[in-house]
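**Student:** Those protein sequence lines, which keep their order, are chains Y and A. With the working numbering, the residue at position 330 of the first sequence is 317, and numbering never jumps. With the working numbering, the residue at position 282 of the second sequence is 269, and numbering never jumps. Cβ atoms here follow ideal geometry from the backbone N, Cα and C, with glycine treated the same way. Here it is, the structure in full.
2 protein chains.
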Amino acid sequence: MTSDSSGGRDGAVGIREVAAEAGVSPGTVSNVLNRPDRVAAATRERVLQAIETLGFVRNGSASRLRAGRGRLVGLMVHDLANPFFAGLASGVEDLMSERGHGVILCSSATSSEREARNLRMLAEQGVRGVLVTPVDDRPERLAVLRERGIAAVMLDHAATRPHQCAVSVDDVTGGRLAVDHLLERGAADIAYVSGPVSLRQCADRLTGARAAVEAAGRGTVSHLVVDDLTAASGEKAGERLLAGDLPDAVFCANDLLAMGVLRVLLRQGVRVPRQVLLMGYDDIEYASAPAVPLSSVRQPTYRLGRIAAELLLDECDDPEGHAHQQIRFQPELVARESTRP
Amino acid sequence: MTSDSSGGRDGAVGIREVAAEAGVSPGTVSNVLNRPDRVAAATRERVLQAIETLGFVRNGSASRLRAGRGRLVGLMVHDLANPFFAGLASGVEDLMSERGHGVILCSSATSSEREARNLRMLAEQGVRGVLVTPVDDRPERLAVLRERGIAAVMLDHAATRPHQCAVSVDDVTGGRLAVDHLLERGAADIAYVSGPVSLRQCADRLTGARAAVEAAGRGTVSHLVVDDLTAASGEKAGERLLAGDLPDAVFCANDLLAMGVLRVLLRQGVRVPRQVLLMGYDDIEYASAPAVPLSSVRQPTYRLGRIAAELLLDECDDPEGHAHQQIRFQPELVARESTRP
DNA sequence: GTGGTGTTGTAAGACGTTTTAATCCTCCCC
DNA sequence: GGGGAGGATTAAAACGTCTTACAACACCAC
């Protein structure tokens, strides 16, 4: 135990020890750390040298306590196991890591209670800002954050109040693209499978789907609701579809659902796309892999995350000069086997 | 702005304001928060009431600064976009959330530099402990943490030093299971596709594969190395395989690689499994979806994460009484179409 | 009553950093 | 050589909580 490679002694080395080693005052060390330009080049070098020798690691808690702001942000998604959110998280983490920030990851599991609990935890940790894919539209859920002056950027969701950044994808258009495509491929009787409509994504895609039918002046959209957006729920939906008259086409609110539906239909000998056209949403990496590659609606997942992260840091770094932005991407149709009749 | 629903005033409400409201001293409020049993039921109730009324949110930074330990842990994985790690992270996050802890998520992107940078950041944030899937076997990479007394649990990796917890899956056995299966299905000339052998997972699975061939007294294993464990790299591997004589079977170090290989082989008209048997590893949810469902080796991903998280908290809560554990799961073969000749 | 015992509550000093206002130089110009 | 001017550095006071003594109190047995 006596020979630790680096100089880290038992008596934890702080800014004070560094100052002593470099022959300056603690204040100067702090300046080197936070405003390097305020200190002469020679002194700065000496301090950095001391930091290196002593293996000093700055205490983030103390720093945040005194300065009011830290180098931590929060990220709240619905479900990490869903590749769409994993992609988002990946984009956020990459950018934050480049900028020297840490990301506290939370999953709401689409439960408002868990969301509220996590937001509170984030507030306690004094994060600099939060990226959140909210569980529903109620803007007051972010009150805990606003009261403490914590910036929030909506992720995959439009802004819920005037002065707020948001990065989203136009899900109404996405739903319309999907159903336009299905109608064009000859479907009339279309089933839309989604999670609860309290999820904005599910609701918007439905709106788009109905708009497409209305605009075309033909076709119908029926709606099948399942508990969540997983492949397991997709299988349940598939079974319910099989129990009745099969529609011409099934449009699922995400690819996982579609993969579940596909699995069940194929297992029961239903020919896809011959008998039933099938469409997913998100265009996750695995959408092209199935027996019948899935048509889907592509979203720039990773970029969504990166851009939202950038917006958040911009807002945090300069709250006054920052212009709130609502960025909305347009989704893109990806046609594959599952809708080729 | 004048009518915030909750009582959160501009002059941030701290333990002091709560104390005033409840007619006790700040110390007592702290006791209610940290040692509820030390304070009489009536007083406790009064304090909790005040906390509620004022919408008090404890300052985690101050708390951690003074107490030395906080309610934050770190999690470092190779790649969030990989469903295997997303599953791990999901398990970790669930358990930590139940226990009221936050998780700082980091991705090393299998780069030691980025791993080191992130570990340093975690040390700065004063996390209580860290769960890490290390990029290589060098135990000294955790020195930054040890010096500051931060507990570490190895995740999907055996312990690298004596007194350490670790949760892993036996990858040598996994590799053996896979190749045993391929040999049994008649393959002799087997290609193993993996990322760099500096990744323990890749190395161990290779060891297992060779052991299987040796034990059987027949067959050969050739080794094809690609940059990382993604589907894109799988496609590159597939092209390199096509450039030479096709082996009887391809064993990939994970399912993403296998999906990439499969895509290329099918595109070039190679019959899988007729001409080439194909096997993945991890048994991610999407392994069963492809045109030719992938045989794979299953790992208890989510449980791995949960258990490691539990171990870490156990170690943090009682460093003395804690018995370090090395838990090793056994993987399980899942045979599907891709290895049915 | 008195002294002991146990329980509740309090006062005040950390924790390690940032920051403000003040001090110290050095250099330059008249 | 005196008088700034202006940059580099410092001293000391925060930041909000936890914790260590310690005081207050009630209760009980003698």
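When the Cα atoms are used, what is the spatial distance from Y:Ala139 to A:Arg22?
**Tutor:** In the first sequence, the residue the question calls residue 139 of chain Y occupies position 152. In the second sequence, the residue the question calls residue 22 of chain A occupies position 35. Each residue's Cα considered, the two are about 33 Å apart.
**Student:** Would you mind telling me which residues of chain Y sit closer than 9 Å to A:Ala296, beta carbon to beta carbon, in chain order?
**Tutor:** Along the second sequence, one-based indexing puts residue 296 of chain A at 309. Per Cβ cutoff of 9 Å: no residues; A:Ala296 is ~13 Å from chain Y at best.
**Student:** Quick check: the stretch 164 to 176 of chain A against the stretch 140 to 150 of chain A, are there 3 or more CB pairs under 8 Å?
**Tutor:** In short, these stretches do not touch, since the Cβ pair count stays below three.
**Student:** Give me the chain Y residues within the contact set of A:Val90, using Cβ-Cβ distance strictly less than 9 Å, ordered along the chain.
**Tutor:** Reading the second sequence from its first residue, position 103 is the one you call residue 90 of chain A. Under the 9 Å cutoff, chain Y gives Ile91, Leu92, Cys93.
**Student:** Closer than 7 Å by beta-carbon distance: list the chain A residues that pair up with Y:Glu334, in chain order.
**Tutor:** The structure shown does not extend to residue 334 of chain Y, since chain Y spans only -12 to 328, so no value can be given for it.
**Student:** If we cut at 7 Å on Cβ distances, does Y:Met108 have a partner in chain A?
**Tutor:** Counting from 1 along the first sequence, the entry for residue 108 of chain Y is found at position 121. Closer than 7 Å: yes.
**Student:** Using 7 Å as the limit for Cβ to Cβ distance, is Y:Glu324 near chain A?
**Tutor:** As a first step, residue 324 of chain Y must be located in the first sequence, where it is residue number 337. No - not a single Cβ of chain A is within 7 Å of the one on Y:Glu324.
**Student:** Is the Cβ-Cβ distance between A:Gly162 and A:Ala196 less than 7 Å?
**Tutor:** Start at 1 with the first residue of the second sequence, and residue 162 of chain A comes out as number 175. Start at 1 with the first residue of the second sequence, and residue 196 of chain A comes out as number 209. Yes, these two residues count as a Cβ contact at 7 Å.
**Student:** Is it true that the stretch 241 to 257 of chain Y meets the stretch 212 to 226 of chain Y, where meeting means three or more beta-carbon pairs spaced less than 8 Å apart?
**Tutor:** Yes, they touch.
**Student:** Pick helix, strand or coil for A:Ser98, following the three-state DSSP scheme.
**Tutor:** As a position in the second sequence, residue 98 of chain A is number 111, starting the count at 1. Three-state result, A:Ser98: coil.
**Student:** DSSP three-state label for A:Arg3, please.
**Tutor:** Taking the second sequence and counting its residues from 1, the one referred to as residue 3 of chain A is at position 16. A:Arg3 falls in the helix class under three-state DSSP.
**Student:** If we ignore side chains and look at the alpha-carbon of each, how far apart do A:Asp400 and A:Pro126 end up?
**Tutor:** Any question about residue 400 of chain A goes unanswered here, given that chain A covers just -12 to 328.
**Student:** Near A:Cys93, what residues of its chain come up, given a Cβ to Cβ distance below 6 Å and the 5 sequence neighbours on each side ignored?
**Tutor:** Here residue 93 of chain A refers to the residue found at position 106 when the second sequence is read from its first residue. Taken in chain order, the residues that qualify are Met63, Asn105.
**Student:** If I follow the unbroken beta strand (DSSP E) through A:Ile177, where does it start and stop?
**Tutor:** Residue mapping note: residue 177 of chain A aligns to position 190 of the second sequence, counting from 1. Unbroken beta strand (DSSP E) run through A:Ile177: 176 to 181.
**Student:** Does the Cβ of A:Ser12 have 16 or more other Cβ atoms within 10 Å, making it buried, or fewer, making it exposed?
**Tutor:** In the second sequence, residue 12 of chain A corresponds to position 25, counting from 1. Result: exposed.
**Student:** Report the rounded CA-to-CA distance for A:Gly208 versus A:Tyr179, giving the unit in angstroms.
**Tutor:** Position 221 of the second sequence, counting from 1, holds the residue named residue 208 of chain A. Position 192 of the second sequence, counting from 1, holds the residue named residue 179 of chain A. This sequence places Val at residue 208 of chain A; Gly is not what is there. Near 7 Å, if we compare the C-alpha coordinates of A:Tyr179 and A:Val208.
**Student:** Entirely within the stretch 190 to 275 of chain Y and at least 4 residues each: give me those alpha helix (DSSP H) ranges in chain order.
**Tutor:** Runs of the alpha helix (DSSP H) inside the stretch 190 to 275 of chain Y: 218 to 230, 242 to 254.
**Student:** Which of the three DSSP states is assigned to A:Arg148 in this structure?
**Tutor:** Numbered from 1 along the second sequence, position 161 holds the residue referred to as residue 148 of chain A. Of the three classes helix, strand and coil, the one that applies to A:Arg148 here is coil, per DSSP.
**Student:** For Y:Thr345, which of Y:Leu129, Y:Ile177, Y:Arg192, Y:Ala68 has the nearest alpha-carbon?
**Tutor:** The question about residue 345 of chain Y has no answer, for chain Y in this structure spans -12 to 328.
**Student:** Just tell me which of Y:Thr120, Y:Ser185, Y:Ile177 has its CA closest to the CA of Y:Ala153.
**Tutor:** Residue mapping note: residue 153 of chain Y aligns to position 166 of the first sequence, counting from 1. Residue Y:Thr120 is the option with its Cα nearest to Y:Ala153.
**Student:** In whole angstroms, what separates the C-alpha of Y:Ala322 from that of Y:Leu164?
**Tutor:** The residue you call residue 322 of chain Y lines up with position 335 of the first sequence. The residue you call residue 164 of chain Y lines up with position 177 of the first sequence. Cα to Cα, Y:Ala322 sits roughly 11 Å from Y:Leu164.
**Student:** When you compare the CB positions of Y:Val44 and Y:Arg115, do they come within less than 7 Å of one another, or not?
**Tutor:** Looking up residue 44 of chain Y in the first sequence gives position 57. Looking up residue 115 of chain Y in the first sequence gives position 128. Their beta carbons are not under 7 Å apart, which means Y:Val44 does not touch Y:Arg115 by this criterion.
**Student:** Which chain A residues sit within Cβ distance under 8 Å of Y:Pro277?
**Tutor:** Translated into positions along the first sequence, residue 277 of chain Y becomes position 290. The contacting residues are Ala276, Pro277, Ala278.
**Student:** Would you mind telling me which residues of chain Y sit closer than 9 Å to A:Asn105, beta carbon to beta carbon, in chain order?
**Tutor:** On the second sequence, position 118 is the one that residue 105 of chain A refers to. The contacting residues are Ser84, Gly89.
**Student:** Using the three-state DSSP reduction, which class does A:Pro277 fall into: helix, strand or coil?
**Tutor:** Within the second sequence, the letter at position 290 stands for residue 277 of chain A. Of the three classes helix, strand and coil, the one that applies to A:Pro277 here is strand, per DSSP.
**Student:** Buried or exposed: where does Y:Ser50 fall if 16 or more other Cβ atoms within 10 Å of its Cβ makes it buried?
**Tutor:** The residue you call residue 50 of chain Y lines up with position 63 of the first sequence. Buried is the call here.
**Student:** What's the gap between the Cα of A:Ser275 and the Cα of A:Ser99?
**Tutor:** For the purposes of this step, residue 275 of chain A is taken as residue 288 along the second sequence, with counting starting at 1. For the purposes of this step, residue 99 of chain A is taken as residue 112 along the second sequence, with counting starting at 1. Spanning the two alpha carbons is a distance of roughly 33 Å.
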